[in-house]
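If you want my numbering, it's the position in the sequence shown, counting the first as 1, plus 1454.
Report on one structure; see the data block that follows.
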Amino acid sequence: MVLGQGDYTYKAQLDWAKLPLWWSFSGVTDVAVDSQDRVYVFDRMGKHPVVVLDKDGRFVSSWGEGKFRTAHNIYIDAKDDVWTVDCGAHVVNKWGPDGTPLLELGTRDIAGAQYYGEVFNMPTGVAVASTGGVYVSDGYGNLKVQRFTSDGRHLGNWGRGGKGPGEFALPHSINIDEHDNVYVCDRENGRVQVFDLDGKYLKEWGGMNLPESIDFDDKAAYICEELQGDKPNKVFVFARDGNLVSSWSTNDPEGNGIMTTAHGIAVDSRGDIYLADNPSWYKSPNPAAEGPARVVKFIRQ
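Here you go:
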């Protein structure tokens, strides 16, 4: 069963993660890959919020027990420090690779005033620029991108509700490429918007339904989107100029059963893709959204 097209074809490995005996994932919301191709899995409802696996799915370590209210996004910077976004506690944290706390942004359990740009109101994603600047998609409650210095000083924000350039319906995640372009998954507007580090609008990629998460390698950008009604889970591979070069969905015959609720995506040095498959924790009217919490590995062919 081969997925995708052209130079970007993959085979799905559904049983990739090899957890310790009696362990299981309960709500995988995101994944990130470090410089050694270790995969950090963010598990919303499990007993072990951050689970670290090697590229073959073998267990390395876990940490974060009791530290998170609503795990949403995990990101690894150029120094292999780990950043997490807890949208329920309204904070963004920086950790060492072993879970040593290094920095906290926001006021834990206190939401900023909705839509006024106060830090934070249910943030969704974090990314770090080559300058060391920290960028946060302050998504559910503020509809903005927040900017910070490397040591956590707030520099301001951009964005507001709407459908135009620089406006958001839900900035659901954020990432920054090697040229310091800032990519924001504007989920409810079905697009990814691209900005410079000062928030100047540059371009957008449209034609999507619910883009959830984006990651990069040196040649492509990888985006997953969640199912909605009769619109399926999908994975997109875009060339860096924005041209779509490969995609697959759960409506494709070969894609049936490989995703239930796609929520986070990451790519390793080989070009293999890891997808956080986060089934609904409530009873969904869509049977396609019911399934195991897991990480699906798409092995590049």
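We treat Cβ as the ideally placed atom computed from N, Cα and C, and that holds for glycine.
Selected residue, minimal CA-CA separation from residue i, among the options
i: residue 1517; options: 1488, 1503, 1678 and 1526; result: 1503
i: residue 1463; options: 1709, 1743 and 1748; result: 1709
i: residue 1639; options: 1622, 1633, 1631 and 1632; result: 1622
i: residue 1469; options: 1662, 1728, 1699 and 1743; result: 1728
i: residue 1594; options: 1610, 1607 and 1614; result: 1614
i: residue 1572; options: 1583, 1554, 1585 and 1600; result: 1600
i: residue 1585; options: 1633, 1494 and 1474; result: 1633
i: residue 1542; options: 1609, 1531, 1740 and 1562; result: 1562
i: residue 1752; options: 1596, 1490, 1662 and 1701; result: 1701
i: residue 1505; options: 1524, 1490 and 1484; result: 1484
i: residue 1606; options: 1598, 1597, 1596 and 1590; result: 1590
i: residue 1510; options: 1739, 1490 and 1500; result: 1490
i: residue 1620; options: 1598, 1664 and 1569; result: 1598
i: residue 1500; options: 1460, 1523, 1673 and 1575; result: 1523
i: residue 1538; options: 1575, 1494, 1568 and 1569; result: 1494
Neighbour-count burial assignment, residue i, 16 or more Cβ in a 10 Å radius
i: residue 1723; result: exposed
i: residue 1686; result: buried
i: residue 1514; result: exposed
i: residue 1713; result: buried
i: residue 1721; result: buried
i: residue 1548; result: buried
i: residue 1741; result: exposed
C-beta atoms of residue i and residue j nearer than 8 angstroms
i: residue 1544; j: residue 1560; result: yes
i: residue 1745; j: residue 1730; result: no
i: residue 1546; j: residue 1580; result: yes
i: residue 1725; j: residue 1694; result: no
i: residue 1492; j: residue 1481; result: no
i: residue 1715; j: residue 1732; result: yes
i: residue 1479; j: residue 1528; result: no
i: residue 1475; j: residue 1466; result: no
Distance between beta carbons of residue j and residue i, contact taken as under 8 angstroms
i: residue 1656; j: residue 1642; result: Contact doesn't hold; Cβ gap of about 21 angstroms is too wide.
i: residue 1648; j: residue 1629; result: So it is not a contact: roughly 10 angstroms between Cβ atoms.
i: residue 1678; j: residue 1689; result: 5 angstroms
i: residue 1644; j: residue 1618; result: No, residue 1644 and residue 1618 are not in contact; Cβ-Cβ is about 14 angstroms, not under 8 angstroms.
i: residue 1578; j: residue 1526; result: 6 angstroms
i: residue 1471; j: residue 1748; result: 7 angstroms
i: residue 1587; j: residue 1651; result: 6 angstroms
i: residue 1653; j: residue 1612; result: 3 angstroms
i: residue 1488; j: residue 1555; result: At roughly 18 angstroms, the Cβ-Cβ gap does not stay under 8 angstroms, so residue 1488 and residue 1555 are not in contact.
i: residue 1699; j: residue 1668; result: The Cβ separation is near 15 angstroms, so there is no contact.
i: residue 1531; j: residue 1582; result: 4 angstroms
Proximity test, residue i beta-carbon vs the ligand FMN heavy atom, cut-off 7 angstroms
i: residue 1718; result: Absence of the ligand FMN from the depicted structure is noted, as is the absence of any ligand whatsoever, leaving it without description.
Residue ranges of each beta strand (DSSP E) within the stretch 1610-1664, 3 or longer
The stretch 1610-1664 contains these whole beta strand (DSSP E) runs: 1625-1630, 1636-1640, 1645-1649 and 1655-1659.
Return the chain-ordered ranges of every alpha helix (DSSP H) run that is complete within the stretch 1507-1582 and spans a minimum of 4 residues.
Within the stretch 1507-1582, no run of alpha helix (DSSP H) at least 4 residues long lies entirely inside it.
In chain order, what are the residue ranges of uninterrupted beta strand (DSSP E) at least 3 long that sit wholly in the stretch 1684-1725?
1688-1693, 1698-1703 and 1716-1721
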